[in-house]
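Structure, as structure tokens:
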Amino acid sequence: MNHLRSLYWIFAAAVLLIVTTVFSAPVQRQNGDSNLVYYENDRNETWYEFAYQTKDGQYREEQGFIDPVTGILTVKGSYSFEGTNGETYAYNYVADENGYQIVEKPATADLSGLIEPLTTPEKPAIFDKNVIISLLGGGKL
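Pasting the structure below:
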């Protein structure tokens, strides 16, 4: 009977070793991320921007910055995708102290002068410690 118990524990240890080995093995991708056609990402302490496009037509770009006077994060961006009916849906949005809002996309092909370009501060802003602490959940210095 002790012989069967020892055999059981050896079998259990072997199964555990195999399962651990399989789950810890790295997953290899084929040719990187094959769905991504374009990707860009840039940021610093006060602003960021990124954009990507996938093979199936999804597109997104976003720019965000912290106003040095108010300390409020403002995000502007757009995204588009192809629906199941084959139509492309595109949206522009703004997210700031007033929440997330879809904004109208200009109907004309000439967009120069119609869309306000995102401006970022030239120098990194110095924030009051109380503003930073309040953004992180409160507390006193």
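All the letters of the sequence shown, read from the start, carry residue numbers -24 to -1, 1 to 117 under mature numbering (1 follows the signal peptide of the UniProt record, and there is no 0).
Ideal Cβ positions, reconstructed from N, Cα and C, are used throughout, including at glycine.
### Query
Any idea what DSSP makes of ILE(-15), helix, strand or coil?
Position 10 of the sequence shown, counting from 1, holds the residue named residue -15. ILE(-15): helix per DSSP, three-state reduction.
### Task
Using DSSP bridges, identify the partner residues of ARG19.
To locate residue 19, count along the sequence shown from 1; it is residue 43. According to DSSP, which records beta bridges pairwise, ARG19 is partnered with TYR24.
#### Entry: Backbone secondary structure at ASP86 - three-state DSSP
One-based indexing of the sequence shown puts residue 86 at position 110. Bear in mind that a pLDDT of 49 at ASP86, under 50, signals an unreliable position, so the number given afterwards is only what the model happens to contain. Coil at ASP86, not helix or strand.
### Message
If I measure Cβ to Cβ from GLN34 and keep anything under 6 Å in the same chain, skipping five residues before and after, which residues do I get?
### Response
The residue you call residue 34 lines up with position 58 of the sequence shown. Result list for GLN34: PHE57, in chain order.
### Query
Name the DSSP beta bridge partners of VAL79, please?
Locating residue 79 in the sequence shown gives position 103, where the first residue counts as 1. ASN68.
#### Entry: Buried or exposed (CB count within 10 angstroms, at least 16 for buried), ILE42
For the purposes of this step, residue 42 is taken as the residue at position 66 of the sequence shown. With 16 or more other Cβ atoms within 10 Å, it is buried.
### Cβ neighbour criterion (16 or more within 10 Å) applied to GLY40
Numbered from its first residue, the sequence shown carries residue 40 at position 64. The residue is buried, with at least 16 neighbouring Cβ atoms inside 10 Å.
### Task
Apply the 10 Å Cβ neighbour rule to LYS31 and answer buried if 16 or more other Cβ atoms are within range, or exposed otherwise.
Here residue 31 refers to the residue found at position 55 of the sequence shown. Classification of LYS31: exposed, given that the 10 Å Cβ count is below 16.
### Query
Near ALA66, which residues of its chain fall below 6 Å by C-beta distance, leaving aside the five closest residues on each side in sequence?
Translated into the one-based positions of the sequence shown, residue 66 becomes position 90. Answer for ALA66: SER56, listed in chain order.
### Query
For ILE(-7), which three-state DSSP category applies?
Mapped onto the sequence shown, residue -7 falls at position 18. It is helical.
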